[in-house]
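Comments concern the structure below.
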DNA sequence: GGTCAATACTGATGCAGATCAATATTATTT
DNA sequence: AAATAATATTGATCTGCATCAGTATTGACC
């Protein structure tokens, strides 16, 4: 992706603020997966006050950009967001696809600028927290800090596994790994996007995005995807992906389901 | 490294318990870099009670192993530890080199088993916490939870940067990156291993270890290392590494010093 | 339904880094 | 100091994926 693409998005209107009033925390469909998971029901009017706004952002817009101070951290309510770092030559490495419940933009450089950029892959809805309020929020509610530690542990494990893929696996295994990881994450974090009948998930990732995630070219992703299809391991078309033979795919990918559910010792 | 190598280390005696009594937290040389950083001086007798033992472990022994329940989490007091995942073919991907102050073995799978293995690269000293006590410790002292979040943010950023290297950079840039990152980490976390005179650090990593970190063969690491030497960017011999031209090396590696110091929004 | 842009697909060729096979050097042990 | 093991170094060859250069298909918009 060209760098100009990123920069132009910033100058154009990125956010559409959702009409007030937005939903209460008590009615939030992702709270049980998100940062406020452990907050008792009776105290949700307390969490409420830290919510700044809800944003709806359409696909291909940037939520925040590397080297720029973000005004908000977000909980992703619905849709997919790609977090990525941009290289000097304008290409990018995708670090993670955020799914509903995930926390975005919480870690920054010492000067307050973002360490990476975030792009809406689909239309998304975001719950925004002003960066100024977060320290206070964390201090007042210890269960939030513990939940953050838990979410960090999971994210860390996922990142480490991607590193293993990049360092030690060939293109086909890496692709199979990403597919399986995504399949399991979607089932957990976005269950309405899973259809049991066909064992398939909504899958909005283009072959270029897959390449930017795996350190491969879109051309080579295409060839490996074809291999997985002709081997009757998956089907992938019209924005849906079906797992046809999870067992064989898991072996091929050296995918470890246990490592998807890592916890701190607390 | 062959898998048998790992397993044999477990069966042999791994730990030598250091003669009691061990140092107080108040005298600990790494506390200000470690998990107890924020604990007020007056309350260090409180942290004290959670420390289980001190261990001295000699180079090439394993501290804990993937898929096995560890009995302790550790703060590394001195020396270098490699954290790695083992592949089906017996090769390994090194995830991180732990340096003094780093916390080891804190994240585990749901069943309590380690997600990765840990090997002492040099002789090391460890401060051990029994896994049973950690939850209580974290609950009683909120500044410990916040410090953990901070350490997680830093580790996450480092892991993401390695992912970028593996996905987007050629062998020479990756090697240069690892060298610079290690150089800066050693200066901060193990200042006695830095010599300003020669701008050099203690560097116990073999070319095989470098390869296992970067997803390269030891043969290719050797060739790239030679390139960096003939270009007068570094010297590397007898367990020491000197940076001769940090500016050019930084450019070549696309190394970003800001990303070494990532913080949560608290 | 037609136009246009984005995405998917295919073939030919090139190269960075792996693999294989030694030899040389350095560190460790006796 | 000699023996041994570990690590480093070098050359020759091979290969997985990149690159280049298209064509085909799909989806979005008028």
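Residue numbers (the working numbering), protein chains in the order written: chain C, 983 to 1248; chain E, 983 to 1248.
Heads up, the beta-carbon is just placed ideally off N, CA and C, and yes, glycines get one too.
Computed from a predicted structure; not experimentally measured.
Whole angstroms are fine: how far does the CA of residue j sit from the CA of residue i?
{"i": "residue 1190 of chain E", "j": "residue 1073 of chain E", "result": "11 Å"}
{"i": "residue 1057 of chain C", "j": "residue 1065 of chain C", "result": "14 Å"}
{"i": "residue 1046 of chain E", "j": "residue 1166 of chain C", "result": "28 Å"}
{"i": "residue 1151 of chain C", "j": "residue 1136 of chain E", "result": "26 Å"}
{"i": "residue 1118 of chain E", "j": "residue 1168 of chain E", "result": "32 Å"}
{"i": "residue 1242 of chain E", "j": "residue 1178 of chain C", "result": "43 Å"}
{"i": "residue 1231 of chain E", "j": "residue 1068 of chain C", "result": "20 Å"}
{"i": "residue 1244 of chain C", "j": "residue 1214 of chain E", "result": "44 Å"}
{"i": "residue 1033 of chain C", "j": "residue 1044 of chain C", "result": "21 Å"}
{"i": "residue 1236 of chain C", "j": "residue 1031 of chain C", "result": "45 Å"}
{"i": "residue 1212 of chain C", "j": "residue 1218 of chain C", "result": "11 Å"}
{"i": "residue 1093 of chain C", "j": "residue 1171 of chain E", "result": "21 Å"}
{"i": "residue 1199 of chain E", "j": "residue 1193 of chain E", "result": "5 Å"}
{"i": "residue 1138 of chain C", "j": "residue 1008 of chain E", "result": "31 Å"}
{"i": "residue 1247 of chain C", "j": "residue 1016 of chain E", "result": "17 Å"}
{"i": "residue 957 of chain C", "j": "residue 1023 of chain C", "result": "The first residue shown for chain C is 983 and the last is 1248, placing residue 957 of chain C beyond what the model contains."}
{"i": "residue 1156 of chain E", "j": "residue 1131 of chain E", "result": "28 Å"}
{"i": "residue 1183 of chain C", "j": "residue 1238 of chain C", "result": "20 Å"}
{"i": "residue 1049 of chain E", "j": "residue 1144 of chain C", "result": "19 Å"}
{"i": "residue 1078 of chain C", "j": "residue 1004 of chain E", "result": "43 Å"}
{"i": "residue 1161 of chain C", "j": "residue 1197 of chain C", "result": "15 Å"}
{"i": "residue 1229 of chain C", "j": "residue 1163 of chain C", "result": "13 Å"}
{"i": "residue 1174 of chain E", "j": "residue 1014 of chain E", "result": "15 Å"}
{"i": "residue 1273 of chain C", "j": "residue 1147 of chain C", "result": "The structure shown has nothing for residue 1273 of chain C, since chain C only spans 983 to 1248."}
Could one say the Cβ of residue i lies closer than 9 Å to chain C's Cβ atoms, at least one of them?
{"i": "residue 1245 of chain E", "result": "yes"}
{"i": "residue 985 of chain E", "result": "The pLDDT assigned to residue 985 of chain E is 34, lower than 50, so where the model puts this residue is not dependable, and the model offers no usable value."}
{"i": "residue 1070 of chain E", "result": "yes"}
{"i": "residue 1148 of chain E", "result": "yes"}
{"i": "residue 1113 of chain E", "result": "yes"}
{"i": "residue 1073 of chain E", "result": "yes"}
{"i": "residue 1015 of chain E", "result": "no"}
{"i": "residue 1067 of chain E", "result": "yes"}
Under 9 Å, Cβ to Cβ, is there at least one residue of chain E near residue i?
{"i": "residue 1082 of chain C", "result": "no"}
{"i": "residue 988 of chain C", "result": "No answer about residue 988 of chain C holds up, because its pLDDT of 37 lies below 50 and its placement is not dependable."}
{"i": "residue 1152 of chain C", "result": "no"}
{"i": "residue 1055 of chain C", "result": "yes"}
{"i": "residue 1235 of chain C", "result": "no"}
Can you list, in chain order, the residues of its chain with a C-beta nearer than 8 Å to that of residue i? Leave out the 5 residues immediately preceding and following it.
{"i": "residue 1055 of chain C", "result": "1085, 1086, 1087, 1088, 1110, 1111, 1113, 1116"}
{"i": "residue 1202 of chain C", "result": "1153, 1193"}
{"i": "residue 1234 of chain E", "result": "1154, 1155, 1158, 1215"}
{"i": "residue 1209 of chain E", "result": "1154"}
Anything in chain C within Cβ reach of residue i, meaning under 8 Å, just list it in chain order.
{"i": "residue 1089 of chain E", "result": "1135, 1138, 1139, 1244, 1245, 1246, 1247"}
Which residues in chain C sit within 7 Å of residue i, going by Cβ to Cβ distance?
{"i": "residue 963 of chain E", "result": "Because chain E in this structure spans residues 983 to 1248, residue 963 of chain E falls outside the shown range and cannot be described."}
{"i": "residue 1097 of chain E", "result": "1139, 1241, 1244"}
Enumerate in chain order the residues of its own chain whose CB-to-CB distance from residue i is below 7 Å, with the five nearest sequence positions on each side excluded.
{"i": "residue 1060 of chain E", "result": "1082, 1106, 1107"}
{"i": "residue 1104 of chain E", "result": "1041, 1061, 1062, 1186"}
{"i": "residue 1121 of chain C", "result": "none"}
{"i": "residue 1091 of chain E", "result": "1097"}
Is the beta carbon of residue i within less than 8 Å of some heavy atom of the ligand GDP?
{"i": "residue 1161 of chain E", "result": "What this structure holds is no ligand at all, so the ligand GDP is not there to describe."}
Going along chain E in order, which residues have a C-beta closer than 9 Å to the C-beta of residue i?
{"i": "residue 1116 of chain C", "result": "1246, 1247, 1248"}
{"i": "residue 1077 of chain C", "result": "1142, 1145, 1146"}
Between residue i and the rest of its own chain, which residues show a CB-CB distance below 6 Å, the 5 nearest in sequence each way excluded?
{"i": "residue 1012 of chain E", "result": "1059, 1082, 1083"}
{"i": "residue 1020 of chain E", "result": "1125, 1129"}
{"i": "residue 1029 of chain C", "result": "1007, 1018, 1021"}
{"i": "residue 1127 of chain C", "result": "1120"}
{"i": "residue 1181 of chain E", "result": "1224, 1225"}
{"i": "residue 1051 of chain E", "result": "1094, 1095"}
{"i": "residue 1026 of chain E", "result": "1007, 1008"}
Taking residue i as the query, report the chain E residues whose CB atoms sit under 8 Å from its CB, ordered along the chain.
{"i": "residue 1127 of chain C", "result": "1124, 1127, 1128, 1131"}
Since residue i meets chain E, which of its residues come closer than 7 Å, beta carbon to beta carbon?
{"i": "residue 1191 of chain C", "result": "Residues of chain E passing the Cβ test: none, with the nearest at roughly 13 Å."}
At a CB-CB cut-off below 9 Å, which residues of chain C make contact with residue i?
{"i": "residue 1092 of chain E", "result": "1240, 1243, 1244, 1245"}
Which residues, in order along the stretch 1133 to 1145 of chain C, keep a beta-carbon less than 7 Å from a beta-carbon of chain E? 1134, 1135, 1137, 1138, 1139, 1141, 1142, 1144, 1145
Mind listing which residues of the stretch 1196 to 1209 of chain E have their C-beta closer than 8 Å to chain C's C-betas, in chain order? 1196, 1197
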